[in-house]
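Here's the structure we're looking at; comments come further down.
There are 2 protein chains.
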Amino acid sequence: MIGLIRVITFSDVKLINYHGNLIRNKYNLSIVSECIKNQDKGIHDDVTERKAVPKIIDLGKRMADSGCDLIIVSCAADPAVKQLRSRIDIPVIGAGSSASLVALANGKRTGVIGITEEVPAIIKETLGVHFQGYLRPDGIDNTNDLLSKSGQEACVQAVKQLISGGAEQILFACTGMGTINLKDILNANHIEVPLIDAVDAEGLFASFYSKRN
Amino acid sequence: MIGLIRVITFSDVKLINYHGNLIRNKYNLSIVSECIKNQDKGIHDDVTERKAVPKIIDLGKRMADSGCDLIIVSCAADPAVKQLRSRIDIPVIGAGSSASLVALANGKRTGVIGITEEVPAIIKETLGVHFQGYLRPDGIDNTNDLLSKSGQEACVQAVKQLISGGAEQILFACTGMGTINLKDILNANHIEVPLIDAVDAEGLFASFYSKRN
Numbered sequence: 001m002i003g004l005i006r007v008i009t010f011s012d013v014k015l016i017n018y019h020g021n022l023i024r025n026k027y028n029l030s031i032v033s034e035c036i037k038n039q040d041k042g043i044h045d046d047v048t049e050r051k052a053v054p055k056i057i058d059l060g061k062r063m064a065d066s067g068c069d070l071i072i073v074s075c076a077a078d079p080a081v082k083q084l085r086s087r088i089d090i091p092v093i094g095a096g097s098s099a100s101l102v103a104l105a106n107g108k109r110t111g112v113i114g115i116t117e118e119v120p121a122i123i124k125e126t127l128g129v130h131f132q133g134y135l136r137p138d139g140i141d142n143t144n145d146l147l148s149k150s151g152q153e154a155c156v157q158a159v160k161q162l163i164s165g166g167a168e169q170i171l172f173a174c175t176g177m178g179t180i181n182l183k184d185i186l187n188a189n190h191i192e193v194p195l196i197d198a199v200d201a202e203g204l205f206a207s208f209y210s211k212r213n
Numbered sequence: 001m002i003g004l005i006r007v008i009t010f011s012d013v014k015l016i017n018y019h020g021n022l023i024r025n026k027y028n029l030s031i032v033s034e035c036i037k038n039q040d041k042g043i044h045d046d047v048t049e050r051k052a053v054p055k056i057i058d059l060g061k062r063m064a065d066s067g068c069d070l071i072i073v074s075c076a077a078d079p080a081v082k083q084l085r086s087r088i089d090i091p092v093i094g095a096g097s098s099a100s101l102v103a104l105a106n107g108k109r110t111g112v113i114g115i116t117e118e119v120p121a122i123i124k125e126t127l128g129v130h131f132q133g134y135l136r137p138d139g140i141d142n143t144n145d146l147l148s149k150s151g152q153e154a155c156v157q158a159v160k161q162l163i164s165g166g167a168e169q170i171l172f173a174c175t176g177m178g179t180i181n182l183k184d185i186l187n188a189n190h191i192e193v194p195l196i197d198a199v200d201a202e203g204l205f206a207s208f209y210s211k212r213n
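These protein sequences, in sequence, are chains A and B. Residue 1 is where the first sequence starts when you use UniProt numbering, and the numbers rise one by one after that. Residue 1 is where the second sequence starts when you use UniProt numbering, and the numbers rise one by one after that.
Below is the structure:
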């Protein structure tokens, strides 16, 4: 069983399980999902990340103690991933490092879109010379802004701008972009470069390291 | 359709398609495999790698021209991968970079076994601080040596030695180790750390980037 940590607080069971269900449906894995508490807007800046880290460590340790054989931290900033790796023996997979490593496997110059003011450090560091540029789409301040039609149109514009600037593929530096299925939205807008969805990427590596594999 | 390049010369169709069939069976992808010419012992040192590079470039370009939408260079040294990426637009996946990037997704210290005197450069560079050490099992000089019982026992011993030295997972730096299903051999010998098979790793990324995805 895989433990998937949501870094945003939901009470709706369907929302809690949304990333887990995307991964389960694509990779045929057994997943239990849990949210950290009291973060209704998730992680979208340094303050909200610092607030989340101890909660993620506690939840990850509890999931490992309860028998999970792999932990996914489903957030593009990889919050608490390093700390968890030093505390538990099972594989710990982060959305941001996963998306960046998938991008490197293709070797193309990678444009990044996200919801934070700056590109998440784990993504910029991992991409290295393959990092092309970063944009936060207009009007997007947190993951909930992605749900509006105007937010989604701003994502399409940002991606077009990155490609004009030389990006050969696009990485989604917010797992909320998986929630809205931004890949399909971009395809419908004739974006044809490879698209790296961080939820898909974390699922890919979880499928490789899961004991079921 | 994915084009898979074997860097060893076979005439037996079953051997030519062996890696492609492993990937097809696990990831449900359509794959056509071809060998480079006149390298009966494959790539196992600098001389054989230099000899292979122009042949791989020619074959990869021909496969792209004939309609393949992704190329796999099925060799742990990633020969000609960078050159091919600069010459064709479709994704080019290398076995060595794939295995190393999969290892980084788990973040554990990685011991490497292979058939060359030194660890392939692409693997050591990509693993960075996560590289734990490298061993060539006793009596193994080229991929054909892996087929013998004594060669396989030497692989088990080398893996045990790397784990004693602090490796938390093991990466196979020769695709011939996928051919002999070294993962099953190690599991049967009670090796329980994560095992990263380079053929499996290249298939993983091909499944992500394939147009079918």
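The C-beta atom is built at its ideal place from N, Cα and C for all residues, glycine as well. The structure presented is a predicted model; accordingly, all values stated were derived computationally and were not measured.
Return helix, strand or coil for residue i, following the three-state DSSP convention.
i	result
residue 143 of chain B	helix
residue 172 of chain B	strand
residue 203 of chain A	helix
residue 39 of chain B	coil
residue 16 of chain A	helix
residue 220 of chain A	Any question about residue 220 of chain A goes unanswered here, given that chain A covers just 1 to 213.
residue 213 of chain B	Its pLDDT being 49, under 50, residue 213 of chain B is placed unreliably in this model, and the coordinates cannot settle the point.
If we count the other Cβ atoms within 10 Å of its Cβ and call it buried at 16 or more, is residue i buried or exposed?
i	result
residue 206 of chain B	buried
residue 62 of chain B	exposed
residue 166 of chain B	exposed
residue 157 of chain B	exposed
residue 86 of chain A	exposed
residue 125 of chain B	exposed
residue 117 of chain B	exposed
residue 136 of chain A	buried
residue 77 of chain A	buried
residue 44 of chain A	buried
residue 215 of chain A	Residue numbering for chain A in the displayed model covers 1 to 213; residue 215 of chain A lies beyond these limits and cannot be assessed.
residue 127 of chain A	buried
residue 74 of chain A	buried
residue 54 of chain B	exposed
residue 145 of chain A	buried
residue 200 of chain B	buried
residue 147 of chain B	exposed
residue 11 of chain A	exposed
residue 66 of chain B	exposed
residue 52 of chain B	buried
residue 111 of chain B	buried
residue 150 of chain B	exposed
residue 30 of chain A	exposed
With respect to the alpha helix (DSSP H) encompassing residue i, which residues constitute its N-terminal and C-terminal limits?
i	result
residue 49 of chain B	46–65
residue 163 of chain B	149–164
residue 187 of chain B	182–188
residue 86 of chain B	81–87
Just list the residues that DSSP pairs residue i with in beta bridges.
i	result
residue 117 of chain A	DSSP lists no partner for residue 117 of chain A.
residue 133 of chain A	A:111
residue 32 of chain B	B:3
residue 195 of chain B	B:170
Along the chain, where does the beta strand (DSSP E) that runs through residue i open and close?
i	result
residue 96 of chain B	That residue, residue 96 of chain B, is in no beta strand (DSSP E); its alpha helix (DSSP H) goes 95–106.
Residues of chain D with a CB under 7 Å from the CB of residue i: which are they?
i	result
residue 4 of chain A	The structure shown contains no chain D; its protein chains are A and B.
* Between the segment 6–16 of chain A and the segment 27–42 of chain A, are three or more C-beta pairs nearer than 8 Å? -> Using a Cβ-Cβ distance cut-off of 8 Å, the segment 6–16 of chain A and the segment 27–42 of chain A are in contact, since at least three pairs of beta carbons, one from each stretch, lie closer than that value.
* Does the segment 49–58 of chain B touch the segment 10–27 of chain B, meaning 3 or more C-beta pairs lie closer than 8 Å? -> Between the segment 10–27 of chain B and the segment 49–58 of chain B there are fewer than three inter-stretch CB-CB distances shorter than 8 Å, so the stretches are not counted as touching.
* How about the segment 97–112 of chain A and the segment 196–210 of chain B: do they share at least three Cβ pairs that are nearer than 8 Å? -> Three or more Cβ pairs drawn from the segment 97–112 of chain A and the segment 196–210 of chain B lie within less than 8 Å of each other, which places the two stretches in contact.
* To do: Kindly confirm or deny that the segment 172–183 of chain B and the segment 172–179 of chain A touch, where touching means at least three C-beta pairs closer than 8 Å.
  => The segment 172–183 of chain B vs the segment 172–179 of chain A: no contact.
* Decide if the segment 116–126 of chain B is in contact with the segment 96–103 of chain B; the criterion is three or more beta carbon pairs, one per stretch, under 8 Å apart. => The segment 116–126 of chain B vs the segment 96–103 of chain B: in contact.
* Below 8 Å, can you find three or more Cβ-Cβ pairs linking the segment 143–161 of chain B to the segment 187–198 of chain B? -> As far as the Cβ criterion goes, the segment 143–161 of chain B touches the segment 187–198 of chain B, which means the pair count is three or higher.
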